[in-house]
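Sequences listed follow chains E and D, in order.
Heads up: the first sequence begins at 2 in the working numbering, then just goes up one per residue.
Heads up: the second sequence begins at 2 in the working numbering, then just goes up one per residue.
Even for Gly, the Cβ is constructed at its ideal location relative to N, Cα and C.
There are 2 protein chains.
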Amino acid sequence: MDVPIHVADGATRVYGIIGDPIAQVKSPGVFNERFRALGKNAVMIPLQTKPANFDACMRGLKSLVNLHGILVTLPYKNSVVAHVDTVLPAARRIGAVNALRREADGRWSGDIFDGQGFLSGLRARDFDPKGRSVMLVGAGGAGSAIADALGEAEAADITIFDRIEEKGRLLVEKITQTHSKCRAKSSEPTVVGKDLLINATPVGMAPGDGLPVAVKSFDARLFVADIVPEPEVTPLLAAAKNSGCRTMDGAAMVAGQADAILRFFGLF
Amino acid sequence: MDVPIHVADGATRVYGIIGDPIAQVKSPGVFNERFRALGKNAVMIPLQTKPANFDACMRGLKSLVNLHGILVTLPYKNSVVAHVDTVLPAARRIGAVNALRREADGRWSGDIFDGQGFLSGLRARDFDPKGRSVMLVGAGGAGSAIADALGEAEAADITIFDRIEEKGRLLVEKITQTHSKCRAKSSEPTVVGKDLLINATPVGMAPGDGLPVAVKSFDARLFVADIVPEPEVTPLLAAAKNSGCRTMDGAAMVAGQADAILRFFGLF
Chain E
2 MDVPIHVADG
12 ATRVYGIIGD
22 PIAQVKSPGV
32 FNERFRALGK
42 NAVMIPLQTK
52 PANFDACMRG
62 LKSLVNLHGI
72 LVTLPYKNSV
82 VAHVDTVLPA
92 ARRIGAVNAL
102 RREADGRWSG
112 DIFDGQGFLS
122 GLRARDFDPK
132 GRSVMLVGAG
142 GAGSAIADAL
152 GEAEAADITI
162 FDRIEEKGRL
172 LVEKITQTHS
182 KCRAKSSEPT
192 VVGKDLLINA
202 TPVGMAPGDG
212 LPVAVKSFDA
222 RLFVADIVPE
232 PEVTPLLAAA
242 KNSGCRTMDG
252 AAMVAGQADA
262 ILRFFGLF
Chain D
2 MDVPIHVADG
12 ATRVYGIIGD
22 PIAQVKSPGV
32 FNERFRALGK
42 NAVMIPLQTK
52 PANFDACMRG
62 LKSLVNLHGI
72 LVTLPYKNSV
82 VAHVDTVLPA
92 ARRIGAVNAL
102 RREADGRWSG
112 DIFDGQGFLS
122 GLRARDFDPK
132 GRSVMLVGAG
142 GAGSAIADAL
152 GEAEAADITI
162 FDRIEEKGRL
172 LVEKITQTHS
182 KCRAKSSEPT
192 VVGKDLLINA
202 TPVGMAPGDG
212 LPVAVKSFDA
222 RLFVADIVPE
232 PEVTPLLAAA
242 KNSGCRTMDG
252 AAMVAGQADA
262 ILRFFGLF
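Here you go:
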């Protein structure tokens, strides 16, 4: 395809995605293609910092007046909230942020789009969570956003597991309070009687990672979703495909979020 | 020209150029073209921060483990030295840094390439400063590096002006100490008896800026160089062209530096 060269120059609007690790993230590719298609002089770059340096890093990044937005990925979706001046309602409910934008006055607003992106992906694959039974593994930033969105979408029940028991319990409480039609409880990962299994942990990202659940084969009626963006087929998704299940990978959630985030950035 | 799309992804090596203002800098365009030509998955982005935030900004940027190098432009070439772990000899002599690289152990080394780039540009235009008489306006980071390089190249004499008198005087002392064959003195800007006039201040960058010298026409034998990168033809260069002088613009210095900096970054 014959396309014009896209060159960052001094006037380029800069956007970044911060996380640790970072090489696996899909957002720079997805957003740079979208910027080009929209004719914007903008670039999305990966930003990796270690947890011990995260606060200093955010202070430094926020001082860059030509940095217009920051996406946030693992493990910083919760800890970034302290750096946001205006936390928008969904993000406040969930206690996590995955997109920040610089406002005209230099203050930073933050919102979370994981849940919205996840739901778009499910629906694009003809899976409507309404009235369904869900097993969610991982109650961090992404897991919380997904649980909140599934509550909004009136899933019948959500069972939540996090290896930090307190984290799982708190998310169950939150869903119970905010989404009365959805029964939430915490338990060890199980697929018995479930319609939808979701991995919202990094398990499957590192070579040699096993499965986030203790079973290796599934009922073919189970829908299996994994938020891990790389590899494309995690061990969990491989096992699900072997069992004949429908699946959704991490890239689908990223794609589902892109439109909403571009709108939040004022670029779409 | 039919060239492949260059898309930043999660594994892209990030380089930045920090300054204030930043929209006028040419380095992102120059380096992104070079990265593409060299087949490197790397991007150079503009980074703008205000002086009050510079130290916090540098601390944040240095914590980014996928940021491999930082170019430094006005007004930070001097103040950045405090953030460099290993200041290389030319930069130590000049007291200014315009390129930092992250070493394998996470420490940062800094060097200055302004002088080298400036000389390459002059020589590419068949002007050899050896034995010549020079008027240099501006004794900041770039001015100091240019004076040092002209001393190395055995210019006969350099007259230096800075609106902060102390700054000009200190640079004269430094050149006198380090380059005994080159007579350095400070005085108001003059072109009388000079072979080479150099503007190493930001004057000419902002709309409505006048000239960095008090005269509007020159002897046609004078060579006039301006380090301001944008506009391409500053008021000074326009006046010089009107007088029939040979000229060199800020872009030429950037181009002259690119090879040396790519080598410093280990990419060339």
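Sheet register partners of E/ILE18 (DSSP bridge): If you number the first sequence from 1, residue 18 of chain E lands on position 17. E/PRO47 and E/LEU72.
I'd like the ranges of any beta strand (DSSP E) spanning at least 3 consecutive residues and lying wholly in the stretch 83-148 of chain D. 100-103, 109-112 and 134-138
Neighbourhood of D/SER80 by C-beta distance below 7 angstroms, restricted to the same chain and skipping five residues each side: Within the second sequence, residue 80 of chain D is the residue found at index 79, counting from 1. Cβ within range, chain order: PHE55.
E/ARG184 lies in the beta strand (DSSP E); which residues open and close that run? Residue numbering aside, residue 184 of chain E sits at position 183 when the first sequence is read from its first letter. Residues 184-187.
For the putative contact between E/LEU270 and E/CYS246, defined by C-beta atoms under 8 angstroms, what is the C-beta separation to the nearest angstrom? Because residue 270 of chain E is not part of the residues shown, which for chain E are 2 to 269, the question remains open.
Could you tell me whether the Cβ of E/LEU263 comes closer than 8 angstroms to any Cβ of chain D? Taking the first sequence and counting its residues from 1, the one referred to as residue 263 of chain E is at position 262. It does not: the Cβ of E/LEU263 has no partner Cβ on chain D nearer than 8 angstroms.
At a Cβ threshold of 8 angstroms, is E/GLN49 touching chain D? Stepping through the first sequence from its first residue, residue 49 of chain E is reached at position 48. Yes, contact with chain D.
At least three beta-carbon pairs within less than 8 angstroms, the stretch 112-124 of chain E to the stretch 244-259 of chain E: yes
Can you give the beta carbon distance from E/LYS41 to E/LEU268, rounded, assuming they're within the 8 angstroms contact cut? Position 40 of the first sequence, counted from the start, is the residue given in the question as residue 41 of chain E. Position 267 of the first sequence, counted from the start, is the residue given in the question as residue 268 of chain E. E/LYS41 to E/LEU268, Cβ: 6 angstroms. Contact.
Looking at E/MET45: is its Cβ nearer than 8 angstroms to the Cβ of E/ILE19? On the first sequence, position 44 is the one that residue 45 of chain E refers to. On the first sequence, position 18 is the one that residue 19 of chain E refers to. For E/MET45 and E/ILE19, no; Cβs fall outside 8 angstroms.
Within the 8 angstroms Cβ cut-off, does E/LEU62 reach chain D? Here residue 62 of chain E is taken as the residue at index 61 of the first sequence, counted from 1. Taking Cβ atoms only, chain D reaches closer than 8 angstroms to E/LEU62, which makes this a yes.
Delimiting residues of the alpha helix (DSSP H) encompassing D/LEU268: Walking along the second sequence from the start, residue 268 of chain D turns up at place 267. Unbroken run through D/LEU268: none, as it is neither H nor E.
Mind checking which residues open and close the beta strand (DSSP E) that includes D/LEU198? Position 197 of the second sequence, counting from 1, holds the residue named residue 198 of chain D. Start and end: 197-200.
May I ask you to report which of helix, strand or coil DSSP gives E/ASP210? For the purposes of this step, residue 210 of chain E is taken as residue 209 along the first sequence, with counting starting at 1. It is coil, neither helix nor strand.
State the beta-bridge partners of D/ARG247 as determined by DSSP. Indexing the second sequence from 1 puts residue 247 of chain D at position 246. Partner(s): D/PHE224.
So, is E/LEU39 buried or exposed, given that buried needs 16 or more other C-beta atoms within 10 angstroms? The count along the first sequence starts at 1 and reaches residue 39 of chain E at position 38. Under this definition E/LEU39 is an exposed residue.
Which residues does DSSP pair with D/LEU65 in a beta bridge? Position 64 of the second sequence holds residue 65 of chain D. Note: D/LEU65 sits in a beta bridge opposite E/THR50.
How would you label E/GLY142, buried or exposed, when you count the other beta carbons within 10 angstroms and need 16 or more for buried? Within the first sequence, residue 142 of chain E is the residue found at index 141, counting from 1. E/GLY142 comes out buried.
Does any residue of chain D have a CB that is nearer than 8 angstroms to the CB of E/ALA256? Within the first sequence, the letter at position 255 stands for residue 256 of chain E. Not one chain D Cβ lies under 8 angstroms of E/ALA256.
Quick one: is E/GLN49 buried, meaning 16 or more other Cβ sit within 10 Å of its Cβ, or exposed? Working through the first sequence from its first residue, we reach residue 49 of chain E at position 48. E/GLN49 is buried by the Cβ-count criterion.
Using a Cβ-Cβ distance cut-off of 8 angstroms, determine whether E/ALA12 contacts chain D. For this step, residue 12 of chain E is matched to residue 11 along the first sequence. E/ALA12 counts as touching chain D.
Flag this pair as yes or no: are the beta carbons of D/ALA100 and D/ILE262 separated by less than 8 angstroms? The sequence position of residue 100 of chain D within the second sequence is 99, counting from 1. The sequence position of residue 262 of chain D within the second sequence is 261, counting from 1. In contact: D/ALA100 and D/ILE262 (Cβ atoms closer than 8 angstroms).
Residues of the stretch 22-40 of chain D with a CB closer than 8 angstroms to any CB of chain E: list them in chain order, please. ILE23, ALA24, GLN25, VAL26, LYS27, SER28, PRO29, GLY30, ASN33, GLU34 and ARG37
Cα separation between E/ASP210 and E/GLN25? Numbered from its first residue, the first sequence carries residue 210 of chain E at position 209. Numbered from its first residue, the first sequence carries residue 25 of chain E at position 24. Whole-angstrom Cα-Cα distance: 15 angstroms.
E/ALA9 versus chain D: which residues are under 8 angstroms apart at the beta carbon? For the purposes of this step, residue 9 of chain E is taken as the residue at position 8 of the first sequence. Per Cβ cutoff of 8 angstroms: PRO29, GLY30, ASN33, VAL44, MET45, ILE46 and PRO47.
For the 8 angstroms Cβ check, are there 3 or more pairs between the stretch 185-201 of chain D and the stretch 124-143 of chain D? yes
Please classify D/PRO208 as buried or exposed, where buried requires at least 16 other C-beta atoms within 10 Å of its C-beta. Residue 208 of chain D sits at position 207 when you count from the first residue of the second sequence. Answer is exposed; the Cβ neighbour count stays below 16.
Between D/ASN79 and chain E, is there a C-beta pair that is closer than 8 angstroms? Here the question's residue 79 of chain D lines up with position 78 in the second sequence. Closer than 8 angstroms: no.
Three Cβ pairs or more, each shorter than 8 angstroms: is that satisfied between the stretch 177-185 of chain D and the stretch 152-164 of chain D? yes
What is the DSSP secondary structure of E/ILE262, counted as helix, strand or coil? Numbered from its first residue, the first sequence carries residue 262 of chain E at position 261. Reduced to three states, the DSSP call for E/ILE262 is helix.
For chain D, is any of its Cβ atoms less than 8 angstroms away from the one on E/VAL229? Position 228 of the first sequence, counted from the start, is the residue given in the question as residue 229 of chain E. It does not: the Cβ of E/VAL229 has no partner Cβ on chain D nearer than 8 angstroms.
For a cutoff of 8 angstroms on Cβ pairs, would you count E/ASN99 as touching chain D? Sequence index remark: in the first sequence, residue 99 of chain E carries index 98 (1-based). E/ASN99 does not count as touching chain D.
Strand pairing of D/ASP158, partner residues [DSSP]: Taking the first residue of the second sequence as position 1, residue 158 of chain D is located at position 157. The partner list for D/ASP158 (beta bridge, DSSP) reads D/SER134 and D/ARG184.
CA-to-CA distance, E/ASN67 to D/ILE23, given in whole angstroms: Position 22 of the second sequence, counted from the first residue, corresponds to residue 23 of chain D. Position 66 of the first sequence, counted from the first residue, corresponds to residue 67 of chain E. C-alpha separation (whole angstroms): 9 angstroms.
For E/LEU65 and chain D, any beta-carbon pair shorter than 8 angstroms? By 1-based counting over the first sequence, the position of residue 65 of chain E is 64. Cβ-Cβ to chain D under 8 angstroms: yes for E/LEU65.
My output table needs one value for D/GLU34: the three-state DSSP class, helix, strand or coil. Taking the second sequence and counting its residues from 1, the one referred to as residue 34 of chain D is at position 33. Of the three classes helix, strand and coil, the one that applies to D/GLU34 here is helix, per DSSP.
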